[in-house]
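Asks: Going down the list, the sequences are from chains A and B. Under numbering that gives the first Met the number 0, think of the first position of the first sequence as 0, with each following residue one higher. Under numbering that gives the first Met the number 0, think of the first position of the second sequence as 0, with each following residue one higher. Every residue gets a Cβ at the ideal spot worked out from N, C-alpha and C, and that includes glycine.
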Amino acid sequence: MFRETLIGAWSLLVGMKVTLSHILRAPVTSQYPRERIEMSKAYRNVIRLIEIEEIGSHDCIDCQACVRVCPSDCINVEGERPDGMRKKRATLFEVEFALCSECGLCLDVCPTNTLGYSREYDQAGFRRDDFLYDLLDEWRDKEEGVRTRLREEEAQKAATKAAAASKVTAARKAKDEAAAKEEGPAAAGDAGNSAAEGEA
Amino acid sequence: MMRPKSTMELVPGDDETYYLNMGPQHPSTHGVLRLRLHLEGERILGAEPVIGYGHRAHEKMAENRDYLQFLPNTSRIDYLSGMIYNLGYCQAIEKAMQIEVPERAEYIRVICAELNRLTSHLLWLGTYLLDLGGFTPFLYAFDDREKLLDILDSVTGSRLTYCYGRFGGVSMDVDDTFLRAAADYCTYFRKRLDEYHALVTHNIIFRHRTKGVGVMGPELALDYGVSGPCLRAAGVARDLRKDEPYGIYDRFAFDIVTAEGGDCFARHMVRMGEMEQSLNIIEQAVGGIPDGPVLAPKVPKRIRPPAGEHYFAVESARGHFGMYLRSDGTDVPVRLKLRTPSFVHVATMPVVLPGTMLADTVAILGSIDIVIPEIDR
Ligand code: SF4
Ligand code: SF4
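1) Going by the DSSP bridge assignment, what does Pro48 (chain B) pair with across the sheet?
2) Between the Cα of Ser117 (chain A) and those of A:Cys109, A:Tyr132, A:Phe125, spot the shortest distance and give me the residue it belongs to.
3) With which residues is Val343 (chain B) paired in a DSSP beta bridge?
4) Measuring from the CB of Ile98 (chain B), is there a heavy atom of ligand 1 at a distance below 7 Å?
5) Just to check, is the beta-carbon of Val313 (chain B) closer than 7 Å to a non-hydrogen atom of ligand 2?
6) What is the residue span of the beta strand (DSSP E) that Gly218 (chain A) lies within?
7) Taking Gly291 (chain B) as the reference, give the member of B:Ala284, B:Glu15, B:Ile374, B:Pro101 with the closest Cα.
8) Between Cys65 (chain A) and chain B, is the shortest Cβ-Cβ distance under 8 Å, so that the two count as touching?
9) DSSP three-state label for Met82 (chain B), please.
10) Since Cys102 (chain A) contacts Leu70 (chain B) with CB under 8 Å, what's their CB separation in whole angstroms?
11) Starting from Lys146 (chain B), trace the alpha helix (DSSP H) both ways and give me its first and last residue.
12) Using only alpha-carbon positions, find the residue among B:Asn20, B:Leu19, B:Arg42 that is nearest to Met356 (chain B).
13) Can you tell me which of A:Leu5, A:Cys109, A:Ala97 puts its alpha carbon nearest to the alpha carbon of Ala123 (chain A)?
14) Sort B:Pro349, B:Met322, B:Leu352, B:Val333 by Cα distance to Arg376 (chain B) and report the nearest one.
15) Short of 7 Å in beta carbon distance, which residues of its chain neighbour Val98 (chain B), apart from the five on each side in sequence? Order them along the chain.
16) What are the residues of the stretch 115 to 137 of chain B that lie near chain A, defined by any Cβ-Cβ distance shorter than 7 Å?
17) Give, in chain order, every residue of the stretch 236 to 264 of chain B whose Cβ lies closer than 7 Å to some Cβ of chain A.
18) What residue range does the beta strand (DSSP E) around His319 (chain B) cover?
19) Given a cut-off of 8 Å, decide if Thr113 (chain A) and Leu48 (chain A) are closer than it, judged by their beta-carbon atoms.
20) Quick check: the Cα distance between Ala236 (chain B) and Glu218 (chain B), rounded to an integer number of angstroms?
21) How about Asp64 (chain A): is its Cβ closer than 7 Å to a heavy atom in ligand 2?
22) Just to check, is the beta-carbon of Val108 (chain A) closer than 7 Å to a non-hydrogen atom of ligand 2?
23) On the three-state DSSP scale, how would you describe Ala190 (chain A)?
24) Is it the case that the CB of Cys242 (chain A) approaches a heavy atom of ligand 1 more closely than 7 Å?
25) Say the cut is 7 Å; is the CB of Leu91 (chain A) nearer than that to a heavy atom of ligand 2?
26) Apart from the five residues on each side of it in sequence, which residues of its chain come closer than 7 Å, Cβ to Cβ, to Ile36 (chain A)?
27) Decide if Arg179 (chain B) is buried, meaning its Cβ has at least 16 other Cβ atoms within 10 Å, or exposed.
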């Protein structure tokens, strides 16, 4: 009994030594509202549309992949195909952050990699609407310019393509004509026959 | 098999005994668990856990979404070892579909899972001592846990409910900073473990409160299907990481920590020992991690495990977490049964608690380290 008391008292002293040694260490608590902490680079929060360099804006093409994959059903995207453009552009991108589980599945499926996380970290709200994010908000004033540019680019591309294509067809036509001239009407008739057979 | 004494029927006319509801709102249950206790004075005659307050129908949810969409649910089953559950689920699907995981991803998974095991045991240590009335170790443990969470946060982006695993790998590669931080933490934490032993394990009050209290012998444990630290504290050396190695656990040298007695103190010792073993594993994994991709190149877009039954189990911080999957070949499971350890552990309470004192209930309940959402799922 006496022995146990001694051992017990000793164990308490040893414990005390540990606690005392901690008194001298620097405090580990961050004084939050006065002191802001740095979020890690992988930090996840509400999703946002990030800038894609070649576009100069976001590149959401309203493919609905993120809408379909989201387990919480919290994304709503609508889009339209602007006149003279091949790709669509989003006209509405809403995220109900109160439902989002920050799983990152939407980022994984986005074909244009235009989804990322925002760096906000102390959102609080009193109403549900406070967590309804309109992701297009930050891009809206650029949208007209982007569309005009994209349209021009596309038109240019189409023009060069058409030019190239017409060049090719012109060359082929010339070649065919030359061949037809050389081999005479019989060969041309053959070609006609075989084409008919192919169709049959 | 030992059966709980059926003392829970109200005994009319007996005014010496009474019934007490402990919980559902009780600080020591760390969640919403209700224990119906039948007491005579302060002695417990019978105990009956009443569960279901944290039921979120995870298994049902699995039947209503595709395999990928269930991923965020996994880490919310047991929020304290979410990473292990999350990666375990990925491994289960990979096994069913025979997807090869790149080497680097396997190493990352081991590191992250073990870091997560450390956070879970640390939280247990802190809150358990808080239950027993020791406030200081709680602060130390949470400080250490916080450092770990920062490390995990730097690569997964979340602190508790990770969604880091993907079928065929992990969602993001780790950098050298992360690996160095993990290795540094191991060195740092070894010293801290000594401090915890000095402060807690050797403490006479702690020993008196836990030794010989809440004995769960090997027979009882095996009868009920107890697993994890609670089983090993009963002297049964069983650890899925060793017995049925999944992932690349067979490549690492570590011991199965066991203890004798099956009491609260033994469970404490097992968890302390396990933290040390986790450090060993992390150090080996950080030393041996190869370069390469972290996601398998050819993962099918639609996850459709072959029709039939699949089973996969991992060792979570609390024990044996099993997933039984019935697939009909479509991209939605027919049934996903989740076998969680705490559910089993809390079921032993009607046998373990009777005969002990009311004040020991807190010590016993804390020592089996239950996570309520994981009981209810
Ligand atoms: S992170 Fe997950 S839950 Fe959130 S919007 Fe994306 S897919 Fe939906
Ligand atoms: S997946 Fe990407 S491109 Fe498709 S709708 Fe979503 S944000 Fe837009």
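Replies: The short version:
1) B:Leu34
2) A:Tyr132
3) Answer is none; Val343 (chain B) lacks a bridge partner.
4) no
5) no
6) The structure shown does not extend to residue 218 (chain A), since chain A is modelled only from 0 to 199, so the question has no answer here.
7) Minimum Cα distance to Gly291 (chain B) is reached at B:Pro101.
8) no
9) helix
10) 6 Å
11) 135 to 155
12) B:Arg42
13) A:Ala97
14) B:Met322
15) The identity of residue 98 (chain B) in the sequence shown is Ile, whereas the question assumes Val. Phe166, Gly167, Ala295, Val298.
16) Listed by position, the residues of the stretch 115 to 137 of chain B near chain A (Cβ gap below 7 Å) are Thr135.
17) none
18) 319 to 326 is the extent of the beta strand (DSSP E) around His319 (chain B).
19) yes
20) 13 Å
21) One point to set straight first is that residue 64 (chain A) is Ala, not Asp, in the sequence displayed. Result yes, Cβ under 7 Å from ligand 2.
22) yes
23) Its pLDDT being 43, under 50, Ala190 (chain A) is placed unreliably by the model, and the measurement read from it follows with that caveat. Here Ala190 (chain A) sits in helix by DSSP.
24) With chain A covering 0 to 199 only, the question about residue 242 (chain A) has no answer from this structure.
25) No.
26) Ser29
27) exposed
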